[in-house]
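Take the sequence shown: its position 93, counting from 1, is numbered 93 in the numbering used here, and each next residue is one higher.
Heads up, the beta-carbon is just placed ideally off N, CA and C, and yes, glycines get one too.
Because the structure is a prediction, the values reported are computed rather than measured.
What follows is a short report on a single structure.
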Amino acid sequence: MARLNYLELPAGDVGALKGFYGAVFDWQFTDFGPSYAATMSGDTDVGIDGDAQGRTQLLPVIAVEDLEATLAAVEAGGGVVTVPIFSFPGGRRFHFRDPQGHELAAWVMED
1 MARLNYLELP AGDVGALKGF YGAVFDWQFT DFGPSYAATM SGDTDVGIDG DAQGRTQLLP
61 VIAVEDLEAT LAAVEAGGGV VTVPIFSFPG GRRFHFRDPQ GHELAAWVME D
């Protein structure tokens, strides 16, 4: 079953944003290199992306069971893929815009 389980924030300064959310909400972050950190609560987690490549808005990320089938459904439904499928530690994902222009991502966990 697909579900929203991750929100990614673009950041010019990953450390500053980690400090802010740590102080305000007592969130703990795991670093995944110098430009990415994430909460690891197992619920809806938050990622801080220092390499957001010009993205300035929050990115909702939806966990799916079949990434290729989801990509096909996005395109069939009138969505536009903005970032093709790519791998990262722990999984693969792609970004897309829905028919109203909202950017989201779909991802699948992999070992």
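Taking the straight line between their C-alpha atoms, what separation do you get for residue i and residue j?
i    : j    : result
Y6   : G47  : 7 Å
L9   : T30  : 15 Å
D111 : G90  : 6 Å
G54  : E103 : 13 Å
Can you tell me which of the three DSSP states residue i falls into?
i    : result
G15  : helix
E110 : coil
G22  : helix
V74  : helix
L58  : coil
E103 : strand
E65  : coil
Considering only the alpha carbon of each residue, which of the options lies closest to residue i?
i    : options                : result
A105 : L58, G77, D111 and P89 : L58
R92  : T70, D13, E103 and L17 : T70
D45  : L4, Q100, D51 and G77  : L4
V61  : P34, F20, G42 and W107 : W107
A37  : D49, V74, D26 and M1   : D49
Which same chain residues end up closer than 7 Å to residue i when comparing Cβ atoms and leaving out the 5 residues on each side of it in sequence?
i   : result
M40 : T30
Short of 8 Å in beta carbon distance, which residues of its chain neighbour residue i, apart from the five on each side in sequence? Order them along the chain.
i   : result
T56 : P10
F32 : A38 and P89
P84 : F94
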